Structures are given as structure tokens and as C-alpha cells.
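Working notes, beginning with the structure itself.
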Amino acid sequence: MFLEGKRALVTGSTSGIGLAIARALAGEGAEVVLNGFGDEGEIAKLCEELGASHSGADLTDAAQIETMMEEAGAIDILVNNAGVQHVSPVEDFPVDKWNLIIALNLTAAFHTTRLAVSAMKKKGWGRIINTASAHSKVASPFKSAYNASKHGIAGFTKTIALELAEHGVTANCISPGYVWTPLIEGQIPDTMKARGLTREEVINDVLLVKQATKKFVQPEEVGALAAFLCRDEAQNVNGANWSVDGGWTAE
Ligand code: NAD
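The opening position of the sequence shown corresponds to residue 8 in the working numbering, with each subsequent residue numbered one higher.
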């Protein structure tokens, strides 16, 4: 259990990829702080299962992020994972959705990072892992805000990787292709509307068409990579944007 004695905050970890990352880190002995929304009873069960605590902070609100970071104390491993999607042609893209996506997928990571790095530098050890996306490298139509936020987080990650490199702190992105989670399920109806397709066509001709494997990525695969990035053997993996997309962005 190589993460014993380390404290990890995983944003958006009450569901999907974040939960799988939290499970992987807790499985290696890290003390985990969960974050995200959901049913109180379910979250309490997760906390018990993982020996974790939970912050219900809404990460679109800088003040709530500050309170969460204060309560969490010194963080060794910061995983910026919380994110949302909205699918719409750009001329109809709701302005409030644009603002929400940029605030959560990009600006929240700036706030958590700026509040976490002093303690990491003092210890001379830290890991910052940002869940980006294949959409941090390539685009798909009708996802203007998401693609902008994910290209943004990739640039942000490279910048902090350079700034922190001499302090024992690494910063990397993990960029999954399509992982079957509520985020994907939720975008199917809007994609059907935007492209005039059936549910089956969206799954096979829009989502899986990109992935050379023709299979969804499993959240646990992303969790395992996050845990690897926390190993001392990964100390020179810095500023990378690591694809887990079945070959999508190889094309
Ligand atoms: P999900 O919907 O299963 O989980 C999202 C998490 O974020 C939940 O815990 C939710 O409660 C939390 N959250 C939502 N709004 C929040 C807010 N305002 N404040 C705090 N927490 C909030 O989604 P997922 O598919 O697991 O996505 C996780 C990350 O992975 C996102 O950044 C997403 O863009 C990225 N990603 C997902 C896929 C995919 O195919 N599922 C692919 C590439 C990248």
C-alpha cells in the first residue's frame, strides 16, 4: 500500500471516473476526501467503504472551493475530475451552460490547485492529476464549451507541471475516450436531437465510432492509471497528457 500516509482530494468522486479514482487511491492506503453531489445515504455508504470524508462543495463557486480546501487541510494528491457536458450547436448554445462548463471543468481546477500547491512544495512531494478528455486533443461538433474547457485544462496542466517540476510535484492529465458513466448517458438525448439520430445510432455511429476498440473504457482503468501516476516510479512523468481512449486520438 504505497499511498499510506498520503491525503488525496478527488473532485467529482461521488460517481463515475472520480469514484473509480478514489477507490484506486484508497485501495493503496490513501486517506481520501470525496467531493460531489448525490444521495446523502449513498455518499455516507461510500465514505464508510473507503474510510473517506466528503465535501459537498459546489465547485462552480470559488468561496465553496476555498472552504473545502481549508477543511481538507494539506493535500498530497489533488485530482481535478469534476466535470459536466452539454451538447448543442454553437448558435443555440445556452450562455448559462457555457459559463457552468468553463467554471467547473476549468476554473475550479485553477482554484483547487492554487490553494493546494504551497503545502505540496513545503513537503517536496505532490501529485496533481487532471481528468481531461480525448476532447483536450481533438474536437467533436456541438461540444464547444466542453472542448474549450478540456483544451484549457491541458494547457493549464502543462504550465503548472513546469512551475512545480523542481519541487517534487508532478502535474499530468488523463484523457479518457468514452467511458460509460452518467455523463455519457446524459448526453445521448441531446446528441440525438443535435444530429437527428436514434439512441442506437448515437452509441454506435457517434460515440464508439471514434474508439478503435469499439468498446467503452471502464472507469477502473482510469483509476489504475491515476494510482500509477502517484508512484515514486512516476516522478518523471510530468506535463503529460495520457490517452486512455482505445486508440481514438491515434488517428
Ligand atoms: P459523472 O457524471 O459520472 O460524475 C461527475 C461528478 O462530478 C459527480 O460526482 C458529480 O456529483 C460531480 N459534480 C457535478 N457538478 C459538480 C459541481 N458543480 N461541484 C462539484 N461536483 C460536481 O461523470 P464522469 O463521466 O465520471 O466524468 C468525470 C470527468 O471525466 C469529467 O471531467 C469528464 O469531463 C471526464 N471525462 C469523462 C468521459 C466519459 O466518457 N465519461 C470521457 C472523458 C473525460
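Every residue gets a Cβ at the ideal spot worked out from N, C-alpha and C, and that includes glycine.
Remember, it's a predicted structure, so these values are computed and weren't measured experimentally.
ask   = Going by the beta-carbon positions, is the gap between V251 and L236 smaller than 8 Å?
value = no
query = What is the DSSP secondary structure of R134, reduced to helix, strand or coil?
reply = strand
8 Å Cβ shell around N245 - same chain, five flanking residues per side excluded = A168, A172, T177, A178, N179
query = If you measure from the CB of Q59, is any heavy atom of the ligand NAD nearer than 7 Å?
reply = Position check: residue 59 holds Ala in this sequence, whereas Gln was assumed. A59 Cβ: outside cutoff for every heavy atom of the ligand NAD.
ask   = Do the segment 210-227 and the segment 115-127 make contact, defined as three or more Cβ pairs closer than 8 Å?
value = no
query = What are the residues that DSSP puts in a beta bridge with E38?
reply = R14
task = Using the Cα positions of K128 and H158, report the straight-line distance between them to the nearest angstrom.
result = 26 Å
key: Within 8 Å, strictly: CB atoms of Y185 and Q92   = no
key: Contact the segment 94-105 vs the segment 192-209: 3+ CB pairs below 8 Å   = yes
inquiry  = Rounding to the nearest angstrom, what Cα-Cα distance links E227 and S125 in this structure?
reply    = 30 Å
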